[in-house]
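If you're matching positions, the sequence shown starts at 18 in this note's numbering and goes up one per residue. For glycine and all other residues, C-beta sits at the position ideal for the given N, C-alpha and C. As the structure is a computational prediction, the values presented were derived from the model and not from experiment.
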Amino acid sequence: MNKLGHILFIITLTLCSIGVSQELSPIQNFSPSAYGSESQNWAITQSVDKTIYVANNNGLLEFNGASWTLYASPNESIIRSVKAIGSRIYTGSYKEFGYWQKGALGTLEYTSLSAVINDKLLQDEEFWGILELGEFVVFQSHNRIYVLNIEDHSVNIIDSDSFLPKIFRVGQTIYFQKMGQGIFKIENGRDELVHDLTPIRDDEIINIFQEEGNLLVLTKQNGFYTIQNSSIEKWEIEASELLSEISLYSGIKLKGGGFALGTISHGLFLIDGKGKIIEQINQVKSLQNNTVLSLYEDIDDNIWLGLDVGISYINSGSPFRIYSDSKGLLGSVYASALKEGNLYLGTNHGLFYKKVNEESDFKFIEGTQGQVWSLEVIAGNLFCSHHTGTYVVENDKVKRISDVQGTWKVGEIIDHPNLLLQGNYDGLYVLEKFNDTWQLRNKIEGFEHSARYFEVFKKGIFVNHEYKGVFKLQLDETFSRLKTLEIDTLIKGSNSGIVKYRGDLLYAYKKGVFKYDWNQNKFTKDTFLSNLYTEEEYVSGKMVLDQSNGHLWTFSNSNIGFVPAGGLGSTPSIRQIPLTEDMRNGIIGYESATALNKDTYIFGARSGYFTINIHNFQDSEFNVNIATIKKAGKNRSETEKSLLNKNLDGDFHNTENSLEFSYYVPTYNKYIKPQYQYMMEGIYPNWSDWTRDSSVAFENLPPGEYNFKVRAKIGEEISNNIASYSFKIARPWYGSNLFLIIYLIVVILGSIAIHNAYRRHYHKRQQKLIEKNQREMALAKAKNDKEIIKLKNQQLKEEFKSKSNELAASTMSIIKKNELLTRVKEQLAASMENKESVKSIIGIIDKNLKQNDDWELFKEAFNNADRKFLKKLKNAHPNLSPNDIRLCAYLRLNLSSKEIAPMFNISPRSVEIKRYRLRKKMNLSHDDNLVDYILKL
Numbered sequence: 018m019n020k021l022g023h024i025l026f027i028i029t030l031t032l033c034s035i036g037v038s039q040e041l042s043p044i045q046n047f048s049p050s051a052y053g054s055e056s057q058n059w060a061i062t063q064s065v066d067k068t069i070y071v072a073n074n075n076g077l078l079e080f081n082g083a084s085w086t087l088y089a090s091p092n093e094s095i096i097r098s099v100k101a102i103g104s105r106i107y108t109g110s111y112k113e114f115g116y117w118q119k120g121a122l123g124t125l126e127y128t129s130l131s132a133v134i135n136d137k138l139l140q141d142e143e144f145w146g147i148l149e150l151g152e153f154v155v156f157q158s159h160n161r162i163y164v165l166n167i168e169d170h171s172v173n174i175i176d177s178d179s180f181l182p183k184i185f186r187v188g189q190t191i192y193f194q195k196m197g198q199g200i201f202k203i204e205n206g207r208d209e210l211v212h213d214l215t216p217i218r219d220d221e222i223i224n225i226f227q228e229e230g231n232l233l234v235l236t237k238q239n240g241f242y243t244i245q246n247s248s249i250e251k252w253e254i255e256a257s258e259l260l261s262e263i264s265l266y267s268g269i270k271l272k273g274g275g276f277a278l279g280t281i282s283h284g285l286f287l288i289d290g291k292g293k294i295i296e297q298i299n300q301v302k303s304l305q306n307n308t309v310l311s312l313y314e315d316i317d318d319n320i321w322l323g324l325d326v327g328i329s330y331i332n333s334g335s336p337f338r339i340y341s342d343s344k345g346l347l348g349s350v351y352a353s354a355l356k357e358g359n360l361y362l363g364t365n366h367g368l369f370y371k372k373v374n375e376e377s378d379f380k381f382i383e384g385t386q387g388q389v390w391s392l393e394v395i396a397g398n399l400f401c402s403h404h405t406g407t408y409v410v411e412n413d414k415v416k417r418i419s420d421v422q423g424t425w426k427v428g429e430i431i432d433h434p435n436l437l438l439q440g441n442y443d444g445l446y447v448l449e450k451f452n453d454t455w456q457l458r459n460k461i462e463g464f465e466h467s468a469r470y471f472e473v474f475k476k477g478i479f480v481n482h483e484y485k486g487v488f489k490l491q492l493d494e495t496f497s498r499l500k501t502l503e504i505d506t507l508i509k510g511s512n513s514g515i516v517k518y519r520g521d522l523l524y525a526y527k528k529g530v531f532k533y534d535w536n537q538n539k540f541t542k543d544t545f546l547s548n549l550y551t552e553e554e555y556v557s558g559k560m561v562l563d564q565s566n567g568h569l570w571t572f573s574n575s576n577i578g579f580v581p582a583g584g585l586g587s588t589p590s591i592r593q594i595p596l597t598e599d600m601r602n603g604i605i606g607y608e609s610a611t612a613l614n615k616d617t618y619i620f621g622a623r624s625g626y627f628t629i630n631i632h633n634f635q636d637s638e639f640n641v642n643i644a645t646i647k648k649a650g651k652n653r654s655e656t657e658k659s660l661l662n663k664n665l666d667g668d669f670h671n672t673e674n675s676l677e678f679s680y681y682v683p684t685y686n687k688y689i690k691p692q693y694q695y696m697m698e699g700i701y702p703n704w705s706d707w708t709r710d711s712s713v714a715f716e717n718l719p720p721g722e723y724n725f726k727v728r729a730k731i732g733e734e735i736s737n738n739i740a741s742y743s744f745k746i747a748r749p750w751y752g753s754n755l756f757l758i759i760y761l762i763v764v765i766l767g768s769i770a771i772h773n774a775y776r777r778h779y780h781k782r783q784q785k786l787i788e789k790n791q792r793e794m795a796l797a798k799a800k801n802d803k804e805i806i807k808l809k810n811q812q813l814k815e816e817f818k819s820k821s822n823e824l825a826a827s828t829m830s831i832i833k834k835n836e837l838l839t840r841v842k843e844q845l846a847a848s849m850e851n852k853e854s855v856k857s858i859i860g861i862i863d864k865n866l867k868q869n870d871d872w873e874l875f876k877e878a879f880n881n882a883d884r885k886f887l888k889k890l891k892n893a894h895p896n897l898s899p900n901d902i903r904l905c906a907y908l909r910l911n912l913s914s915k916e917i918a919p920m921f922n923i924s925p926r927s928v929e930i931k932r933y934r935l936r937k938k939m940n941l942s943h944d945d946n947l948v949d950y951i952l953k954l
């Protein structure tokens, strides 16, 4: 190649490589650490259940859309080839080929096919290619081809005396290349030369395709050749010169008619059916490695790349296209606009533009360095609201019409086409069109608040301040001064938004979407539009009205929602695009949406932007599958987490009560991931919240019967099926039926025993109560008797006292009477000279003194007071005379001798003599006191 051609090639490759303005299909990368194996990946295939299998340096990789699983190769060698045929996954490695098949536990089990011919294998032979043709499976090494009949397991070996790079299937024919000899095919179990033309004899063939009845051959160094009959021609296409300057390693024909070409050091090239380069994808454009060892197009048109380092897939049919600002030239996109065929992007770096339909780079517009907040097309003019002021944009030039710092937005004033309202950091300003030129006219006096969001609506101006509320302004007729100001502080919130939509003023924040009611002079909730997001999903109330198509856009944590132009008609509708906040990488509160055409919209992101074809979302049916079921538990190691047969109902011991379920949907989309919902009937009867987690563990489940269910959704589409697994956990031995019967018998017997025990207890208690009551009654009776006795004794004492008093009175009366009579007698005897004259009187007195009438009276009173004494006295001393008894009675009353003397009509000395004689009769000793003795009787 001459020097000029080499320079042109370098320029072309550089343009293809850099091309920062190119929007790419989503690319999902998996690093070796992500899939848990070695870096190199030699072949890729997909099974009928849409599971991806990759031949890796460390074994066979399985990816079901949710998780990666590595299966070590049978002899711990590198797996070079893989091919899914029916339910089998055939692999080839070092001196080994065979197939893998799912077992009852949901894992792959290997069966060797080369073991029966192990002695026929060549030294250090590796199998690099596998193809299917009817009942035959063909395994290719660099020296031989083995044709295996899968029905009778017979093997036909085709030897080669030269290097065999690869094998290819075209229609019902197997082709292969012998280096230095040409292209051969297998015919009747033998190799047959087809073409030995020079261009394809020495240049390694990457792949062979059928093209309009001819063979289209892709070579490593020189691109495409067309073979027709026995002639060969170079396929001269736009990419020919490029392909002749790079080295290819892999290549496939896509179902859409184009080609995917993997290179050794330049990444992936996609060309259309006419040979035009569509795009180059390499490390500059998000690919993790530039060496593409293998390519595969799956059922859903995703292109899989087995790289020298890692695995990637490209969602070629995705409605999303990504502009990744990997070099940081654009920055974060805050606004976008279309005008006169130009696409303008307002970013934190300034204002950029490019032609819409051209594959050119974005260009910076001089004089716009810094933060752009918004772009508005009003009456054919494009206004750029910038940190440094306000600009009018014309093609690639700008003119500053306001130097007031910090312009948020420019908006129209109803019925005033020559006036515009401008919101700034410090309030509101008015722009005026004078001589076809816009210029700043005045600031509105009386309003000093930041006016990031405002709308001129009917008779007022509404300004939304996310921290203070919504201001309602009335201006004077000249739009110079504030007349009235009202503040609604009931609705306010972070990242809230306000917009005019089809004759209504809408306000959105975390509580929902509200509509202004002029009659009530307040915002009321719009029940229909509030379905655009839930409070839990709220991230931004920013609403964007697409002026060209009439769609109203909102942004939540899990979706981008929009109301189509006819959405508020007789059949209102809301559509949701299932693109989560973390996936879209948007600038919360500063979201933007601009229609590029009726189908495609551009949305700003933190680094570049992305586009969405809103009519390219096809709801395809899908199923959810249970991948594995494991015995789990905190105390169980990974090796002890034994897999279970998911096709059979489980019957577990009571100690096996912790299970781990993994499930998946075999779908491969970078931005739209499946979400899962599960329930465990028997303990958790309700569906869980939706989550992206593809596994769940249940620990310490109680004994019982269970049915685990899982379903999935992609976007708003629910899976066709609900995958389930039924199992039961046995009761412990002490909870078995036998023991339950025993427990029942024990309970019954125990109840009877307890009943009897209680009866005995209460009977004893009753007896004790009865005895206690009897004792208490006896005590009460005794107490009462004692009280009665006490009362009687008291009564007796009173009677005794009364009788004693009577006796004392009687005694004293007798004594005094006798004393009186004695003194009268003595005085009569002493005073009268004539003794005879008073003798009769003295005689009467003596007679009276000697009479027993007083004694009888005394005796009666004494017996009443102390009736037992006289009886005791007679019993003790029956020898006493009546006078002795009379003396004892007087002594018992503790009367002195002097007091007793009158009672006997004798002198006191005579009383003493009587006392002495009484002591003798009573046999009292000299020391005994007569009175004490009588008192003690």
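- Residue pairing for Y340: DSSP places it in a beta bridge opposite Y626.
- Across the set L150, K112, E126 and G514, the C-alpha of K112 shows the shortest separation from the C-alpha of D136.
- Closest by C-alpha distance to K237, out of I223, L278, N246 and E250, is I223.
- DSSP places I758 in the helix class (H, G or I) of the three-state scheme.
- As DSSP reads the structure, M696 sits in a beta bridge with K726.
- In terms of Cβ geometry, G423 and L438 do not form a close pair [threshold 9 Å].
- Exposed is the label assigned to P720, since fewer than 16 other Cβ atoms lie within 10 Å of its Cβ.
- Secondary structure of Y933 (DSSP, three-state): helix.
- Excluding the 5 residues flanking it on each side, S90 has same chain C-beta neighbours closer than 6 Å at G76, I96 and S110, in chain order.
- By the Cβ neighbour-count rule, P336 is buried, with 16 or more other Cβ atoms within 10 Å of its own.
- In the DSSP assignment, N481 forms a beta bridge with Y470 and V487.
- Rounded to the nearest whole angstrom, the C-alpha separation of N662 and G120 is 9 Å.
- I263 and E314 do not touch by the CB rule: their CB atoms are close to 21 Å apart, not below 8 Å.
- Counting along the chain, R909 sits inside the alpha helix (DSSP H) bounded by residues P899 to R909.
- A straight line joining the alpha-carbon of R519 with that of Y242 spans about 60 Å.
- In this structure, K528 sits near E552, with a CB-CB distance shorter than 9 Å.
- Taking the CA atoms as reference points, A644 sits about 5 Å from S679.
- In the DSSP assignment, F531 falls outside any alpha helix (DSSP H) and lies within the beta strand (DSSP E) extending over G529 to D534.
- Across the structure, I619 and N365 are spaced so that their CA atoms are roughly 17 Å apart.
- With the rule of 3 Cβ pairs closer than 8 Å, the segment 317-329 counts as touching the segment 270-289.
- Here the segment 330-346 makes contact with the segment 613-627; the two share three or more CB pairs at distances below 8 Å.
- With contacts defined by Cβ atoms closer than 9 Å, S575 and E608 do not form a contacting pair.
- Taking the Cα of N548 as reference, the smallest distance to any Cα among D521, P589, K539 and V326 is reached at P589.
- In the three-state DSSP reduction, E375 falls in the coil class, being neither helix nor strand.
- Residue nearest to S282 within the set N306, G292, K272 and K293 is N306 (criterion: CA-CA distance).
- CA-to-CA, the gap between L347 and F286 works out to about 25 Å.
- One thing to note: I577 has its Cβ no nearer than 9 Å to the Cβ of N512.
- Here G767 carries a helix assignment [DSSP, helix/strand/coil].
- Rounded to whole angstroms, the separation of the alpha carbons of I225 and S171 is 28 Å.
- DSSP places H403 in the strand class (E or B) of the three-state scheme.
- Where R748 is concerned, there is no enclosing beta strand (DSSP E), because DSSP gives it neither an H nor an E.
- About 19 Å separates the CB atoms of F114 and F180; that is not less than 8 Å, and the two are not in contact.
- Judged by their CB atoms, I461 and L490 are nearer to each other than the 9 Å cut-off.
- Our two residues, V301 and D378, have alpha carbons roughly 15 Å apart in a direct line.
- Rounded to whole angstroms, the separation of the alpha carbons of G123 and K100 is 19 Å.
- Under the three-state reduction of DSSP, K291 is assigned to coil, being neither helix nor strand.
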